[in-house]
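Chemist: Residue numbers (numbering that gives the first Met the number 0): 0 to 285. One structure, pasted below without further comment.
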Amino acid sequence: MSGDVQLFSKDCSSPETAAREARHLQALRGCGIVPLHDADAHGLALERAACSLADVLHERGPLPEGEVRAVGAAASAALARVHAAGLVHGDVKPANLLLSHGRELWLADFDAACPADGRPLERFSPRRLPPGAPARFTADITALALALVELSTGILLDPGASWRAADLRRLGCSPALSAELSFMLVGDGSAPDACTAAEILARLDADSLPAPAVNARRADPTPTVEFLLARRLRDSSPESVPAADGLAPSWWRRLVASWRPGGPSPRTGGRLRDQASGSSQASRSS
């Protein structure tokens, strides 16, 4: 181990939780997974990341499409390794997609990981997956697609609703990215597996991963802002549910202030119009 590697100590809720997560990380050790250096009954010693994608979104606002594709391809490749081991991650979101100091993407936080046995997930983020979501690989694909829409537009979509490519285009995603993400969002056996998702996202104008945020909020980042676009019924007008966060960045406050349920599209002070021809935009970190 290089002498300049910095470690982060993650506390776990119980010795059983620490042991379970350590087993998962040891079994998955390698490219795309946050490196584990040590573990005991109290927690894990993980390699410290530069920041999370939640930090990047908070600091810069929605990302260019090429960077969103690069994140999606790298995260899908990491999920392919998780799924090959028979596991569902269960908590894919920007806060759990970390950027290393070497500009690699790491999938982190395996607290909710469990066998892909189809039983309801016991631990999950309710803003990322609907209640009762089964422990299947498609749950991770759906959550990743929601995260990519979020990174692309600044908006977190209601995971319990049906979202079509036309809906994503309306929010500012390019036609190609809208089609690909809506394919990932179908949530059933017709959704692509992680390997296919990685290939789909990488084949059109994928860029390099984004640069780390300058001011990461913490070593183990947590969500910072929230702007949920929900649909109570499949064909009802979307409605916004903004979080009350006085620390929200200016781009996010503009997005919330300009959004009108049923309106043509949220706006982020002109960025959405500027990037609509080739990139996307989405929100929040749960």
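Quick reminder that beta carbons are idealized off the backbone N, C-alpha and C, glycines included.
(1) Under 8 Å: do the segment 79-98 and the segment 24-31 share three or more Cβ pairs, one atom per stretch?
(2) Tell me, to the nearest whole angstrom, how far the beta carbon of leucine 45 is from that of lysine 9; I am working on the premise that it is less than 8 Å.
(3) Check tryptophan 162 in the structure and name its three-state DSSP category.
(4) Would you list the residues sitting across from leucine 286 in a DSSP beta bridge?
(5) Excluding the five sequence neighbours on either side, which residues of its own chain have a C-beta within less than 6 Å of the C-beta of glycine 186, listed in chain order?
(6) Alpha carbons only, please: which of Ala212, Leu180, Val213, Gly188 is nearest the one belonging to glutamate 198?
(7) So within the segment 34-117, which uninterrupted beta strand (DSSP E) runs reach at least 3 residues, ignoring any that extend past its ends?
(8) Considering only DSSP beta bridges, list what leucine 203 is partnered with.
(9) Closest by CA to aspartate 54, which one among Ser75, Leu43, Ala94, Leu145?
(10) Can you name, in chain order, every residue of its own chain whose Cβ lies under 8 Å from the Cβ of glutamine 25, other than the five neighbours on each side?
(11) The beta strand (DSSP E) spanning serine 181 covers which residue range?
(12) Quick one: grab the DSSP three-state call for proline 191.
(13) How many Å lie between glutamate 15 and glutamate 121 at the Cα?
(14) Do leucine 208 and arginine 102 count as a contact pair if the criterion is CB distance below 8 Å?
(15) Could you check the C-alpha separation between histidine 100 and alanine 77 for me, to the nearest Å?
(16) Contact check, serine 173 vs glutamate 66 under 8 Å by CB: the rounded distance?
(17) Could you name the residues that DSSP lists as bridge partners for serine 8?
(18) Going by other Cβ atoms of all chains shown within 10 Å of its Cβ, with 16 needed for buried, is proline 211 buried or exposed?
(19) Looking only at C-alpha atoms, which of Ile154, Asn214, Leu167, Leu6 sits nearest to arginine 47?
(20) Can you list, in chain order, the residues of its chain with a C-beta nearer than 7 Å to that of alanine 201? Leave out the 5 residues immediately preceding and following it.
(21) For the alpha helix (DSSP H) holding isoleucine 140, just list the boundary residues, first then last.
(22) Just grab the DSSP bridge partners of proline 133 for me.
(23) Below 8 Å between beta carbons: does that hold for arginine 127 and leucine 145?
(24) Just the C-alpha distance for glycine 117 and tryptophan 105, rounded to the nearest angstrom, thanks.
(25) Measure the alpha-carbon distance for leucine 203 versus glycine 42 and round it to whole angstroms.
(26) Output needed for proline 133: all residues of its chain with C-beta closer than 8 Å, excluding positions within five of it in sequence on either side, in chain order.
(27) With alanine 17 as the anchor, note down where its alpha helix (DSSP H) starts and where it stops.
(28) Buried or exposed, going by whether 16 or more other CB atoms sit within 10 Å of the CB of proline 130?
Modeler: Taking the coordinates as given:
(1) yes
(2) 6 Å
(3) coil
(4) This structure does not reach residue 286, given that the chain is present from 0 up to 285, and the question cannot be answered.
(5) Result list for glycine 186: Thr137, Thr141, in chain order.
(6) Of Ala212, Leu180, Val213, Gly188, the residue nearest in Cα terms is Leu180.
(7) 35-38, 42-46, 96-98, 104-106, all fully within the segment 34-117.
(8) Paired residue(s): none; leucine 203 is not in a bridge.
(9) Ala94
(10) The residues are Leu35.
(11) Serine 181 -> not in any beta strand (DSSP E); alpha helix (DSSP H) instead, spanning 174-183.
(12) Note: proline 191 maps to coil in three-state DSSP.
(13) 15 Å
(14) In contact: arginine 102 and leucine 208 (Cβ atoms closer than 8 Å).
(15) 18 Å
(16) Not really, about 13 Å apart at Cβ, beyond 8 Å.
(17) Ala44
(18) buried
(19) Leu6
(20) Listed in chain order, the non-local C-beta contacts of alanine 201 below 7 Å within the same chain comprise Arg68, Ala72, local neighbours out to five positions each way being set aside.
(21) Per DSSP, the continuous alpha helix (DSSP H) segment holding isoleucine 140 begins and ends at 136-152.
(22) Pro119
(23) yes
(24) 26 Å
(25) Leucine 203 and glycine 42: Cα-Cα distance of roughly 41 Å.
(26) Contacts found: Gly117, Arg118, Pro119, Leu120.
(27) 14-27
(28) exposed
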